[in-house]
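What follows is a single structure, written as structure tokens, with notes after it.
Residue numbers (the working numbering): 785 to 1152.
Here it is, written out as structure tokens:
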């Protein structure tokens, strides 16, 4: 039998439908990709062509697809035409090739994300960032990091609360990615919980809302802390009373008695947590009368890194509220400290006053 007769008697497109349907969400312009995905695709793009071919894939298993391209249609016709070229072996060493057009009808169907947004149920995961501190400096630092790195771009909503910030996400994966970002930039820990929203007994499907409670360390910059003796020894025999210089992905402390510095990881802090003796609002102002630099200080064996940006000195201080060049300090002698670790310390290891930082009086600031 010649090739012309074979072509007239054999139809290799038999069993392949010439019409089909695809779905698009009119709110976000995304096409439905079975079984449950949605993808954005421009008209006559490679992405849209792949969506159409996936729709025809079960019918093209017995033939070989060699070419596929779009046929122009009017933009508002809700029709997409794809010209397919297929090949199939009908007899021994006889391969037929045929070209035909498949017409796809575009129907509107709201995606899951848009449906939840319209129903005011637009979040599936919530990240609750909390800091149990009187003055939440670390949260201000977190806001700057979010603006710098754009880690909040996937949020569907942000809600401030008295103890922190709530971030809402439409997908669980986006919330997990945000939590991973917080763990890399701040010393924190988190707890995970989920709440059952609905359950389809026929399809055996469950719908949950997920919650991540992220707790940031309550130690902030310029706080005076009292560490357990075990932690102080692990940091190079530091003094138990130290000043918090900064809080980034670690807690940086400095010993005011010998300028020794140490970084505390989040895992170390949560294993042996400790509290602040005072916050910046509890500092008192002292007037500096005399400063005598201390040289050749005898340090203990196994001490850690010593700061090169600070100078160790003996300072003579008096209380004053009307003189310039004041220092904000913590007067331990005249304060009632409620701390169990502090109560166990020896009196000779407790300084009289801890200098935190220098401040300027209002009269001097007005002239500058």
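Note that beta-carbon positions come from the ideal geometry of N, C-alpha and C, so glycine has one too.
Classification of residue i by the beta-carbon crowding that lies within 10 angstroms, buried from 16 upward
i	result
residue 1023	buried
residue 958	buried
residue 799	exposed
residue 937	exposed
residue 914	buried
residue 907	buried
residue 1106	Reliability of the predicted coordinates at residue 1106 is poor, the pLDDT of 48 falling under 50, and the value obtained from them is presented with this limitation in mind. By the neighbour-count rule (16 or more Cβ atoms within 10 Å), residue 1106 is not buried but exposed.
residue 948	buried
residue 910	buried
residue 1016	buried
residue 1061	buried
residue 931	exposed
residue 1019	buried
residue 971	buried
residue 1081	exposed
residue 875	exposed
residue 809	buried
residue 836	buried
residue 1010	buried
Min CB distance residue i to chain D below 8 angstroms
i	result
residue 1080	The question asks about chain D, but that chain is absent: this structure has only one protein chain.
C-beta atoms of residue i and residue j nearer than 8 angstroms
i	j	result
residue 794	residue 880	yes
residue 1140	residue 1027	yes
residue 1187	residue 1131	The requested residue 1187 does not occur in the structure, where the chain is confined to residues 785 to 1152.
residue 953	residue 965	no
residue 939	residue 811	no
residue 1012	residue 1058	yes
residue 1038	residue 1091	yes
residue 1066	residue 996	no
residue 767	residue 1033	Outside the shown range of the chain (785 to 1152) lies residue 767, about which nothing can therefore be said.
residue 960	residue 1054	no
residue 839	residue 806	yes
residue 993	residue 1056	no
7 angstroms Cβ shell around residue i - same chain, five flanking residues per side excluded
i	result
residue 1097	1075, 1076, 1077 and 1078
residue 1151	Bear in mind that the predicted position of residue 1151 carries a pLDDT of just 33, short of 50, making it unreliable; the figure below should be weighed with that in mind. Closer than 7 angstroms at the Cβ level, and outside the excluded window around residue 1151, lies no residue.
residue 1030	1005 and 1036
residue 1129	1024
Cutoff 6 angstroms; reference residue i; Cβ partners in own chain excluding five residues on either side
i	result
residue 843	800
residue 1127	none
residue 883	869
residue 921	1004 and 1005
residue 865	855, 857, 885 and 887
residue 832	825
residue 900	906
Contact belief for residue i with residue j at Cβ below 8 angstroms, rounded distance in angstroms
i	j	result
residue 1046	residue 1088	5 angstroms
residue 887	residue 803	5 angstroms
residue 1052	residue 919	No, residue 1052 and residue 919 are not in contact; Cβ-Cβ is about 24 angstroms, not under 8 angstroms.
Sequence-distant residues of the same chain with beta carbon closer than 8 angstroms to residue i, five excluded per side
i	result
residue 1073	1100, 1101 and 1102
residue 1094	1038 and 1043
residue 916	947, 999 and 1002
residue 827	859
residue 942	936, 949, 950, 951 and 952
Sufficient close CB pairs (3 or more, under 8 angstroms) joining the segment 818–825 to the segment 844–856: They do not touch, by the three-pair rule.
Would you say the segment 994–1010 touches the segment 918–928, given that touching needs at least three Cβ pairs under 8 angstroms? Yes, since at least three Cβ pairs between the segment 994–1010 and the segment 918–928 fall closer than 8 angstroms, the two stretches touch.
Is there contact here, the segment 1039–1047 with the segment 977–994, by at least three beta-carbon pairs under 8 angstroms? With the cut-off at 8 angstroms, the segment 1039–1047 and the segment 977–994 do not touch.
Could you tell me whether the segment 889–900 touches the segment 974–984, where touching means 3 or more Cβ pairs closer than 8 angstroms? No, the segment 889–900 is not in contact with the segment 974–984.
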